[in-house]
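Engineer: Okay, here's the structure, questions in a sec.
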Amino acid sequence: MKTFPLRIGTPDGLLFEGEVERVFCRTIMGDLEILAGHCNFCTALGMGRAFVVLPDGGKREAACIGGMLSVMGGACSLLATTWEWKEDIDEKRAGEAKKRAEKLLAQGGLTDQEFKLAEAKLKRALVRLGVKN
Ligand code: ATP
């Protein structure tokens with residue numbers, strides 16, 4: 022299968038650079054999969070499971086939380102707010118973050134901003150746990 026160059030970065034630095042067969046991620050408009058030969062394109066990323074398929078068919082999964090993806094001249098660049106490879110996700114930490122967020126949301130009495138922050142924390146935890154399981 023044809024490959025194309027992909028770079029994945031976060032504000033902390035470059036996390037991946039190489040040829041891939043496919044990259045899959047969640048955008049603000051839904052799930053997206055980029056293959057070789059994709060037209061020039063740019064979109065904002067949502068929160069969700071992501072993966073890349075390497076030229077040898079190996080698949081690397083990750084949690085992707087926000088950012089931008091662009092394709093220019095056949096090369097794909099994914100700049101994520103947070104990108105965690107499956108093997109780097111701390112499941113216990115995500116489980117505790119989920120419990121804390123659920124507790125906050127259940128107890129009520131939150132301001133709009135506190136509610137949104139707790140909801141976003143819960144979503145991030147659920148994405149991480151979803152990638153792990
Ligand atoms: P927590 O309450 O556990 O900090 P959070 O969703 O508020 O969770 P973030 O603000 O999204 O955390 O992330 C802060 C930093 O910690 C980022 O660098 C992120 O990659 C890392 N991080 C957060 N949760 C995990 C996890 N469960 N496993 C690995 N890295 C994590």
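Going by my numbering, the residue at position 129 of the sequence shown is 150; the numbering climbs one at a time, nothing skipped.
Here a beta-carbon is modelled for each residue, glycine too, at the ideal position from N, C-alpha and C.
Starting from K144, follow the alpha helix (DSSP H) in both directions and report where the run begins and ends.
Structural biologist: Unbroken alpha helix (DSSP H) run through K144: 133–153.
Engineer: Per the DSSP calculation, G88 is bridged to which residue(s)?
Structural biologist: Answer is L66, A101.
Engineer: Say whether the region 61–70 touches the region 116–123, bearing in mind that this needs 3 or more beta-carbon pairs closer than 8 Å, one atom from each stretch.
Structural biologist: The answer is no - the region 116–123 does not touch the region 61–70, with fewer than three Cβ pairs under 8 Å.
Engineer: With H, G and I counted as helix, E and B as strand and the rest as coil, what does DSSP make of A115?
Structural biologist: In the structure shown, A115 sits in a helix (DSSP, three-state: H, G or I).
Engineer: Residues in its own chain within less than 6 Å of G87 by CB, not counting five upstream and five downstream?
Structural biologist: The answer, listed in chain order, is L66, T102.
Engineer: Quick one: Cα of A83 to Cα of V152, how far?
Structural biologist: Computed Cα separation, rounded: 7 Å.
Engineer: I'd like the span of the beta strand (DSSP E) that includes T24, first residue to last.
Structural biologist: Run containing T24: none; DSSP gives neither H nor E here.
Engineer: In this structure, does DSSP put L75 in helix, strand or coil?
Structural biologist: Coil, per DSSP.
Engineer: Taking A146 and A118 to be in contact with their CB atoms under 8 Å, please state how far apart those CB atoms are, rounded to whole angstroms.
Structural biologist: At roughly 4 Å, the Cβ-Cβ gap stays under 8 Å, so A146 and A118 are in contact.
Engineer: How many Å lie between G39 and K23 at the Cα?
Structural biologist: So the alpha carbons of these two residues sit roughly 13 Å apart.
Engineer: Compute the minimum distance between the beta carbon of I110 and the heavy atoms of the ligand ATP, and state whether it is under 7 Å.
Structural biologist: Yes - the ligand ATP has a heavy atom lying nearer than 7 Å to the Cβ of I110.
Engineer: Kindly give me the distance between the Cβ atoms of L75 and E42, rounded to whole angstroms, as I take these residues to be in contact under 8 Å.
Structural biologist: Correct: roughly 7 Å between the Cβ atoms.
Engineer: Can you tell me whether A71 is buried or exposed, with buried defined as 16 or more other CB within 10 angstroms of its CB?
Structural biologist: Label assigned to A71: buried.
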